[in-house]
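A.B. asks:
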Amino acid sequence: MYTEKVMEHFKNPRNMGEIPDADGVGTVGNPVCGDVMAIYIKVKDNRIADIKFKTFGCGAAVATSSMVTELAKGKTLEQAMKITRADVADELGGLPPIKMHCSNLAADGLHAAIEDYYKKQKVKGMKK
Amino acid sequence: MNNLSEDEGTTSSKRIYMDYTAGKPVDPRVVEAMLPYMETMYGNPSSVHSFGQEAKQATEEARTKIAELVNAEKKNSIIFTSGATESNNMAIKGFAYRNKDRGTHIITSSIEHMSVMNPCKYLSTRGFKVSFLPVDQYGFVNLETLEKELTDETILVSVMYANGEIGIIQAIKEISRIVHDKKAVLHVDATAAVGQIPIDVKAEGIDLLTISSNDIYGPKGVGALYIKQGARVEPTIHGGGQEQGLRSGTENLPGIVGFGKAAEIAKKEVQTESERLTRLRDRFIKGLTEPIPYAFLNGHPVERLPNNVAVRYSFIEGESMLLSLDMMGVAASSGSACTAKTLEPSHVLRAIGLKHEEAHGSLLFTLGKQNTEEEVDYVIGIMPDIVKRLRAMSPLTSKELKE
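Sequence order for the protein chains is A and B.
Residue numbering for the first sequence follows our numbering, starting at 87 and increasing by one per position.
Residue numbering for the second sequence follows our numbering, starting at -8 and increasing by one per position.
1) Determine whether the Cβ of T150 (chain A) lies closer than 8 Å to any Cβ atom of chain B.
2) Which same chain residues end up closer than 6 Å to G115 (chain A) when comparing Cβ atoms and leaving out the 5 residues on each side of it in sequence?
3) For the alpha helix (DSSP H) containing E96 (chain A), name the first residue and the last one.
4) The region 361 to 387 of chain B: which residues have C-beta closer than 7 Å to a C-beta of chain A, in chain order?
5) Can you pull the chain B neighbours of V118 (chain A), defined as C-beta to C-beta under 8 Å?
6) Roughly how many angstroms lie between the CA atoms of N9 (chain B) and A46 (chain B), to the nearest whole one?
7) Near E234 (chain B), which residues of its chain fall below 7 Å by C-beta distance, leaving aside the five closest residues on each side in sequence?
8) Given 8 Å as the limit, is there contact between the region 37 to 57 of chain B and the region 259 to 271 of chain B, that is, 3 or more CB pairs closer than that?
9) By DSSP's criteria, T139 (chain A) is part of a beta bridge. Which residues make up the other side?
10) Are the C-beta of P106 (chain A) and some C-beta of chain B separated by less than 8 Å?
11) Return the first residue and the last residue of the alpha helix (DSSP H) that K15 (chain B) is part of.
12) Who are the near neighbours of S151 (chain A) in its chain, counting only those whose CB is closer than 6 Å to its CB and skipping five residues on each side?
13) For L114 (chain B), collect the residues of the same chain with a Cβ closer than 8 Å to its Cβ; drop the 5 residues on either side in sequence, then sort them by chain order.
14) Indicate whether V192 (chain B) and L200 (chain B) have their beta-carbon atoms separated by less than 8 Å.
15) Within the same chain, show all residues whose beta-carbon is closer than 6 Å to that of S78 (chain B), passing over the 5 residues directly before and after it, in chain order.
16) Taking buried to mean at least 16 other C-beta atoms within 10 Å of its own C-beta, is P36 (chain B) buried or exposed?
17) Relative to chain A, which residues along the region 291 to 313 of chain B have a C-beta separation below 9 Å, given in chain order?
18) Does A124 (chain A) come within less than 8 Å of chain B when only Cβ atoms are used?
19) When DSSP labels each residue in this structure, what does L237 (chain B) get in the three-state scheme?
20) Would the region 226 to 240 of chain B count as touching the region 169 to 178 of chain B if we require 3 or more Cβ pairs under 8 Å?
21) Could you please give the first and the last residue of the uninterrupted beta strand (DSSP E) stretch that includes V179 (chain B)?
22) By the 10 Å Cβ neighbour count, where 16 or more other Cβ atoms means buried, how is V209 (chain A) classified, buried or exposed?
23) Let me know the secondary structure DSSP gives K91 (chain B) once reduced to three states.
24) What whole-angstrom Cβ distance do G186 (chain B) and V261 (chain B) have, given they're in contact under 8 Å?
25) The beta strand (DSSP E) spanning S100 (chain B) covers which residue range?
26) Report yes if the CB atom of A301 (chain B) is closer than 8 Å to the CB atom of G309 (chain B), and no otherwise.
27) Tell me where the alpha helix (DSSP H) around K397 (chain B) begins and ends.
28) For M87 (chain A), which residues from the same chain have a beta carbon less than 8 Å from its beta carbon, with the 5 sequence-adjacent residues on both sides left out?
29) Straight-line CA distance for A58 (chain B) to A162 (chain B)?
30) Output needed for E(-3) (chain B): all residues of its chain with C-beta closer than 8 Å, excluding positions within five of it in sequence on either side, in chain order.
31) So that I know if they touch, is there some Cβ in chain B lying closer than 8 Å to that of M153 (chain A)?
32) Quick one: give me the first and last residue of the alpha helix (DSSP H) that S324 (chain B) is part of.
33) Can you list, in chain order, the residues of its chain with a C-beta nearer than 7 Å to that of A166 (chain A)? Leave out the 5 residues immediately preceding and following it.
34) Taking Cβ positions only, does H351 (chain B) come closer than 8 Å to chain A?
35) Between which two residues does the beta strand (DSSP E) holding F356 (chain B) run?
36) What is the C-beta distance between L244 (chain B) and M312 (chain B), in whole angstroms, given that I count them as a contact (C-beta under 8 Å)?
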């Protein structure tokens, strides 16, 4: 059903947890479809200095969350915005067809976190 | 916390099977009974010669054993099919088409197997009206609604004996009384129940009964439909006229012989095995729910199939639990969307009123002949850590549990 890579990430997820003072948080999915992901980022010099995730969902949901944190860590925000769902699935050696749209939300979560960061920066800028 | 075991990445050497509703092993005594009918007694029961006649005799002996298992009035009330799906299709579509002059209304429950649900939905596109009865939080069919829904137009009511996903056992005798008061016919899908509960079609007032072979430790690919004398059904498969013209196709002889042997064994052993499984089940349910916060039982605590352990854990998802269990060598099942071909959570779990996220957190163990108390205790032992790990990962986990 799943590739070895998916199972490996499910067993040993990278960067699992929360960042309490995150610069950006992206939450995607909903409990109705069975997948909810939260991605937390810390930004330094326009790069993703730290990233963590929390996920409610199936094996694919956990593995894609884990993989997207690995792909995004250290990247510039522009590079990270270019990471797609397909990139995440490819890095995992593919996902079962039915999981491609329902559980492959991690890239969306990452983008939402970056957008949240931009929004917060704007607010900060206005306050100054 | 991130790793399930010290030896990360390796899979447990234990292999514990607790998914008996999905598939059962064939009893070795059944295999032994079947072998001659593949190697030396390969005749066609329709043939006149001795090869054919010994095949015919074997088929009829098996028919008698299945009739005895459910206390059918005569062996010819048993029609062999390719399994429960075909039996359900034959009962519902076959009965509906044969009796449409008497009425076009069919009633079923909202927790039936897909092989009852979908023929009913199909018929609703072919001029029939179908009512789906609601169930309560345990899965009991609402008898008052049944009474209200029954009209002079109602020809057939189809309610399962027991549900394999939540274990609920219906009050069939009571349902039968209500259905027969309105002169309708009762079909009961007993796939999950036969072999676990003694069934008596005469005493319980069942007109059509679906039985599956593999569910009583017989071979896959064979089943039966009991048709009470007087109930008329149209064939769904046409051909050479086997099975009294109701189910054409050369008989699956080894399958039928194995099914017969399995029925004979089930009749003898159902009592002892069900008592053993009930003890295991109750120990298992207690061990899976009591030590873990936000753990619940799906279905009813007592009116429950002896082998059915259906639980749910808040804030986590079923497939993740299945994968985690599989890594520890345990095979279970889930009502979770992610394990099915559709994205919706199980219609059964939704029908008993579970919210989507609750349904997604369901986990189903179905026990069988080979399970031991030691195996049950092993799973009870590993479950808290699995739940804890997934809850630590979940953004839905309530704050109090995080501390």
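By construction, the Cβ of each residue, glycine as well, lies at the ideal position given by its N, Cα and C atoms.
Predicted model, so just to flag it, every value in this text is computed and none were measured.
C.D. replies: In this structure, then:
1) So no, T150 (chain A) is outside the interface.
2) Excluding positions up to five away in sequence, the list reads D121, V122, M123, L191.
3) The sequence given here places Phe at residue 96 (chain A); Glu does not occur at that position. Annotation for F96 (chain A): the continuous alpha helix (DSSP H) segment containing it runs 90 to 97.
4) M384, S385, P386, L387
5) H347, E348
6) First, the residue type needs correcting, since residue 9 (chain B) is Met and not Asn in the sequence shown. In a straight line, the C-alpha of M9 (chain B) is about 36 Å away from that of A46 (chain B).
7) I70, F71
8) no
9) Before going on, a small fix: residue 139 (chain A) reads as Phe here, not Thr. F139 (chain A) is bridged to A:M102, A:I125.
10) no
11) For K15 (chain B), no alpha helix (DSSP H) run applies, since DSSP gives it neither H nor E.
12) M123, F139, T141, A192
13) Excluding sequence neighbours, L114 (chain B) sits near I83, K84, A87, I97, V121.
14) Between V192 (chain B) and L200 (chain B), the C-beta spacing is below 8 Å.
15) T72, T201, G214, L216
16) buried
17) F306, I307, E308, G309, E310, S311, L313
18) yes
19) coil
20) No, they do not touch.
21) 176 to 180
22) exposed
23) coil
24) Right, the Cβ-Cβ distance comes to about 6 Å (below 8 Å), so this counts as a contact.
25) 96 to 100
26) no
27) Nothing about residue 397 (chain B) can be reported from this structure: the residues present for chain B run from -8 to 394 only.
28) P182
29) 22 Å
30) Only weak support exists for where E(-3) (chain B) lies, its pLDDT of 42 falling under 50; the coordinates are left without a value.
31) no
32) Note, S324 (chain B): premise wrong, no alpha helix (DSSP H); not H, not E.
33) The answer, listed in chain order, is I134, A158, L196, I200.
34) yes
35) 353 to 357
36) Not a contact, Cβ separation roughly 42 Å.
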